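To start, the structure itself, in structure tokens.
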Amino acid sequence: GASQALFEDVLMELPLRDVLWQSRPMWSALDLAAAERKLALIGINSVPSLAGALAGDLNQQLRAAGLKTFNPGTVRELRQRLAVSPPRRGPKLRRGPPPGARAAPAG
């Protein structure tokens, strides 16, 4: 309801470091700084930009930039904290011959 929307508005205005720390309270100050730095390298320097990246494939963006990816549990926790749904995956493509292709009859 309205209180949830207000909570999300407040969350989006928090410093990025606060949201990272809330998601991973066991991280040291160095861990937090390293996470913040690698996010900044791919253009993520605010909670709204992090939420946008989490709606897509954040780790793919990090990988493409040659950076270490986040642990899946960290990504899951950040998505939960920011109420972001993971990207929807298309149907799995089946491996094998194309439809209609048949093996030549033996004989």
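So the sequence shown is numbered by the UniProt record's numbering: it starts at 1 and just counts up by one.
Note that beta-carbon positions come from the ideal geometry of N, C-alpha and C, so glycine has one too.
Every value quoted in this text rests on a predicted model; they were computed, and no experiment measured them.
Can you name, in chain order, every residue of its own chain whose Cβ lies under 8 Å from the Cβ of residue 16, other than the five neighbours on each side? Answer for residue 16: 36, 39, 44, 45, 46, 47 and 50, listed in chain order.
How many Å lie between residue 12 and residue 30 at the Cα? In a straight line, the C-alpha of residue 12 is about 23 Å away from that of residue 30.
By alpha-carbon positions, which one of 14, 28 and 55 ends up nearest to residue 87? If we check each option's Cα against that of residue 87, 55 comes out closest.
Where does residue 34 fall in DSSP's three states? Secondary structure at residue 34: helix, using DSSP grouped into helix, strand and coil.
Among 66, 19 and 85, which one has its Cα closest to the Cα of residue 41? Nearest in C-alpha terms to residue 41, of all of 66, 19 and 85, is 66.
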